[in-house]
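In the UniProt record's numbering, the protein residues as written are 1 to 1223. Yeah, the Cβ is synthetic: ideal placement off N, Cα and C, and Gly gets one too. Note that this is a predicted model, so its numbers are computed, not measured.
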């Protein structure tokens, strides 16, 4: 049928009188068909069918899975999450379990691949519909009187039947260059959300661009206030560009917008957000030491730092240039949350770590500056204590994963999903990602050992549930997985846009727009930037605007449909022009002569531009044909769109044909002479071919034709055209001087019928041949099971097509309803070992199943070419129940409230509970007396912890074990584990408490720790709490800070300079705090120098040193006296702001030696005192030749480079040479 359509296509359109068919406006092309998706208004089935037939089309009919997937792809663009559309499918009135396509009564495909679910077939109603329910899409059933959207379909060779309705602003205008047409403004470039960096960017720009004739004028607004240089001299508006010099935090706003206008009206741009980006500083207090134990996981937290809109993190170890590369150190992971993760830590990981942050964008807010500031933290010391090895522990995915960035993802964002597991790292864990309810987008990429899944330009179809699976090795002997359901927010976006229209006066006119967004969208309408409301001649119903009677003076102008939700505002813009004129032939002229093939078909087009619409009449050789477009039969017809259609052409049809167009403004006509000619023929026809998968095939196709005419070759596969330019599998070529088609690296999908079609201006001819591709086996069929026991079942199936080579083995796969991941249920089974039942079904026994589980099974076949596709799943089969087959894992515990013995375990997953009525028996006894009796407690249900009463046995070692049971009996005991009961409150008190000045805002506290034993601590020391209060404040607030570890000193910060504070210390364990220590009165120091040296100058001294001079500073009443000065300098090749500071004493100058040649240095000078370093002077740049002028904005800092690029070195040397030459 499709090939027939293709042949029909070639006979008609390639006579000289026909336009290139393609698809009309508002129709979508796919292969040889055109589709129209009618979202509104919603109509009943009969109305939808009639609407399609008005254009000679029918409701859509689906021929194969590729066409179904095309409909799905369009649906995801146009439709909402819950929509229904009519198709041409209808339930058979006799066999109501099947459906047929109308017209034609062709049976609808039975495959479940098309349906939402099998249950949809049994729903009430007889009409087949397309339906979307969330992320699920497919066929369903509806009643005829329901109202839905609908999809029309027509062959491209029938598109001459479609009424052309487009009357845009160029309709009826006679110009060669359409850019010269007078029209109102339309936005071509919307302003972008922009981030500027405070105190770095000297200016920021927002820009819009609109087209229009005459030239467009612009204005900019922040909210309702117009921005211009008269409002603030920092603002400059040049055409569509708004420049803000010296941008400030107060410039941040979400409602900047541009207005464009000319004589036809005015419009708004979408709103743009302007954000002040900033990056704070790390605390100058060194973070406390981090403690870890061998063979455990560890997380290092980047110290707190403020930054917006976003931060990018990097870590180094022992040196600021020794970057951690997770591709090499595969047990480490750097998350976008700033943390450094170790899946299993070891002794070599001890050292000093630095967290580096750089200001970055976030989601739809991106930096425009190339000078993003960076900071580096103080060192974080990591100490690793010796621990015992944990064999085969993990993988176990941490609770904070899957982590998603940005946290509220939107359509268009780049979305990053992270997954990380800890456990024994004898070999790298293997990470895999899957999308449970579909396929992962081709825009997605995997990085960082597959631990990161990044989706660029996220779209609605990327929504769904993503699963991260971590295996301990390639065999997946141990694994863990976690899911994350991705839902995208979105600013409104239009699926139906407004189009500029030319309408006759006095007409009723309706405009419709439709937008999608999350959360839901609300609508409003603007005319020339003024809001429209219903009343009088205007009716507004959400996304529909109706003008009851058009008027040129009142209704001409620029209209905008506004869609808004909490994520933003979007406009769809168009111009309405009211006018009328007599018919004229502008867009299409009949040729003077038209050729048509004898016995073929021809369409003569008559498409005048006319408002109001013209009436069309046809004559031949001066005689009126007397045709009525309401008559749809006959060899010669006038179609609804005015075209003349002739079929079964004979020689007597030759002659001069004239079309005449008439309306109340006047008349116009045009004519063509029709000639009738003969056909062409294919001389060497293609023949059937067999090829092995991934090999190349060649089909011959040679033509005999009149050389006076040019011919065109086209190829079709199963009736659909092959695009040899875009499809890499196909190419045209020549073999033995004969033209033909190559099918390269042929796949099973290329098996089928190939048609060569040769066309001339006069006629066409076609020939076909079949390609057979030998490949791995097809999918088996008819899979079912019987003979179910506790742990086995017998599986039966029908052998599949072997695709050219005998089947040698089979694979049985199972999916558990409680854990729906397909796994191999048995090893590969030789074909010879499979029993044959009733000469049809293959049979095998599957062992090793879990009791009381509901399974599905599927089968794959293998031949010499590989593994075939899986069969459809079988029905569900439940194994018989039994007592639990294994004991709970990970039995342990400890801690809890005073007097408790906390016992924990990993409960059996549902698929391993083996029967209903799951429960656990918990056993415990004091360790050290093997003859003591076990205490026990029975817990019903899916428990994972129990608190036994330990009484006075605080912090006592116990032995524990756990046993699972169900309604069928007891399972095996777990192995015995040793745990401690909960700790009691400490009795110990730190002594020798002393508080000393650290600097102007901090104290260092020291003490003598108590003995860390059971009688004194009633547990183990967890850490210390320092308490302090201001002596000089009435009714002072008491502040506290906890410090973890067995330590004897700590620093408290955030105090006032020259202050006195009472300090106490308490030790704590897991039960809580011990008694207060004695009080000690400590005092903070004075402020470090608040000013910085000025008039810094650098002079060349000799071949390896320079001399620095500057003006020193004084000190105020709250500052401690200046002790000396420091010269802090570094090479600009060093990325991070870590300076080599030289103390030169209390003098106003010094020498910097051991400098390198051809190197640019940065210098800052500061004063220091006993209370710390003061502020640094402004940066000065110098070389061995002395001080130089240098613009750091033109210099690129590379984070992983330890040297200047050669190009920068050359530039500096050239600069120095020029300076030397000048002076």
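* **Which of helix, strand or coil DSSP assigns to residue 406** => Here residue 406 sits in coil by DSSP.
* **Host alpha helix (DSSP H) of residue 555 (start-end)** => Taken as a continuous stretch (DSSP letters only), the alpha helix (DSSP H) holding residue 555 covers 552–555.
* Asked: What's the C-alpha gap between residue 377 and residue 1121?
  -> Take the alpha-carbon of residue 377 and the one of residue 1121: they are about 28 Å apart.
* residue 65 classed as buried or exposed, judged by whether at least 16 other C-beta atoms fall within 10 angstroms -> Counting the other CB atoms within 10 Å of its CB gives residue 65 a total below 16, which places it among the exposed residues.
* Over the uninterrupted alpha helix (DSSP H) stretch that includes residue 972, give me the two end residues. => Premise fails: residue 972 lies in the beta strand (DSSP E), 969–973, not in any alpha helix (DSSP H).
* Nearest-angstrom beta carbon gap, residue 429 and residue 483 [assumed within contact, 8 Å] -> Between residue 483 and residue 429 a beta carbon distance of about 18 Å is seen, past the 8 Å cut, so the two are scored as non-contacting.
* Asked: Taking the alpha-carbon positions, what's the residue 910 to residue 888 distance?
  -> Distance between the alpha carbons of residue 910 and residue 888 is about 12 Å.
* Asked: From residue 335 to residue 728, what does the alpha carbon distance come to, in whole angstroms?
  -> Whole-angstrom Cα-Cα distance: 40 Å.
* Distance, residue 1051 Cα to residue 1084 Cα -> Their Cα atoms are separated by approximately 12 Å.
* Asked: Any contact of the segment 270–289 with the segment 196–208, i.e. 3+ C-beta pairs under 8 Å?
  -> They touch, by the three-pair rule.
* To do: Check each candidate in 468, 445, 435 and name the one with the smallest Cα separation from residue 419.
  => Ranking the options by Cα distance to residue 419, first place goes to 468.
* **Close beta carbons around residue 742, own chain, < 8 Å, minus the five adjacent residues each side** => Once the five neighbours on either side are set aside, the close Cβ partners of residue 742 are 696, 697, 698, 730, 731, 732, 733.
* Any chance the segment 1061–1069 sits against the segment 1089–1104, with 3 or more Cβ pairs inside 8 Å? -> Inter-segment contact for the segment 1061–1069 and the segment 1089–1104 is absent: fewer than three beta-carbon pairs are separated by less than 8 Å.
* Alpha carbon to alpha carbon, what distance is there between residue 138 and residue 59? -> Looking at the backbone, the Cα of residue 59 and that of residue 138 are separated by about 16 Å.
* To do: Give the C-beta separation of residue 1148 and residue 1110 to the nearest angstrom, bearing in mind that I take them to be a contact with Cβ-Cβ under 8 Å.
  => Confirmed, about 6 Å.
* Asked: What residue ranges within the segment 1052–1112 form continuous beta strand (DSSP E) runs of no fewer than 3 residues, ordered along the chain?
  -> Correct list: 1060–1069, 1080–1083, 1094–1102, 1105–1111.
* Answer yes or no: the CB of residue 826 versus the heavy atoms of the ligand GTP, is any distance below 7 Å? => Among the components modelled here there is no ligand, and therefore nothing to report on the ligand GTP.
* **For residue 1014, the first and last residue of its enclosing beta strand (DSSP E)** => Here residue 1014 belongs to no beta strand (DSSP E); instead the alpha helix (DSSP H) covers 1014–1017.
* Alpha-carbon to alpha-carbon, residue 508 and residue 661 -> Going by the C-alpha atoms only, they are around 23 Å apart.
* **Cβ neighbour criterion (16 or more within 10 Å) applied to residue 614** => Buried is the label assigned to residue 614, since at least 16 other Cβ atoms lie within 10 Å of its Cβ.
* Asked: Straight-line CA distance for residue 797 to residue 777?
  -> When rounded, the distance between both Cα atoms is 14 Å.
* **Reduced DSSP category for residue 114 - H, G, I as helix; E, B as strand; rest coil** => DSSP places residue 114 outside both helix and strand once states are collapsed to three, so it counts as coil.
* Label residue 21 either buried or exposed according to how many other C-beta atoms from any shown protein chain fall within 10 Å of its C-beta, with 16 as the threshold for buried. => Model confidence at residue 21 stands at a pLDDT of 39, short of 50, so the residue's coordinates are unreliable and nothing is read from them.
* Asked: Is residue 340 closer than 8 Å to residue 307 when the C-beta atoms are compared?
  -> No; because the gap between Cβ atoms is not below 8 Å, this pair is not in contact.
* So what's residue 620 in DSSP terms, helix, strand or just coil? -> Residue state, collapsed to three classes: strand.
* Along the alpha helix (DSSP H) that carries residue 49, what are the first and last residues, could you check? => Here the alpha helix (DSSP H) through residue 49 covers 45–53.
* Asked: To which residues of the same chain is residue 787 closer than 6 Å at the C-beta, ignoring the five residues directly before and after it?
  -> In chain order, 794 place their CB closer than 6 Å to the CB of residue 787, counting only its own chain and leaving out the 5 sequence neighbours on each side.
* To do: Could you check how far apart the C-beta atoms of residue 455 and residue 441 are, in whole angstroms? I think they sit under 8 Å.
  => Between the beta-carbon of residue 455 and that of residue 441 there is about 6 Å, and that keeps the pair under the 8 Å contact cut.
* Chain-order list of residues whose beta-carbon lies under 8 Å from that of residue 1227 (same chain, five-residue window excluded) -> Limits of the chain in this structure are 1 at one end and 1223 at the other, which puts residue 1227 out of reach.
* To do: Return the Cβ separation of residue 380 and residue 311 in integer angstroms, given the expectation that the two are a contact with Cβ distance under 8 Å.
  => 17 Å between Cβ atoms; not a contact.
* Asked: What are the boundary residues of the beta strand (DSSP E) that residue 759 is part of?
  -> Run containing residue 759: 752–759, per the beta strand (DSSP E) assignment.
* Around the Cβ of residue 174, are there at least 16 other Cβ atoms within 10 angstroms (buried) or fewer (exposed)? -> When all chains shown are included, residue 174 counts as exposed.
* To do: Have a look at residue 810 and residue 744 and give me their C-alpha separation to the nearest angstrom.
  => C-alpha separation (whole angstroms): 30 Å.
* To do: Could you work out which residue in 874, 875, 973 is closest to residue 919 when comparing CA atoms only?
  => Checked all of 874, 875, 973; the closest Cα to residue 919 is 973.
* To do: Would you tell me roughly how many angstroms separate the C-alpha atoms of residue 417 and residue 1125, rounded to the nearest one?
  => It is roughly 49 Å from the alpha-carbon of residue 417 to the alpha-carbon of residue 1125.
* **Helix, strand or coil at residue 58 according to DSSP, with G and I counted as helix** => If DSSP states are grouped into helix, strand and coil, residue 58 belongs with the strands.
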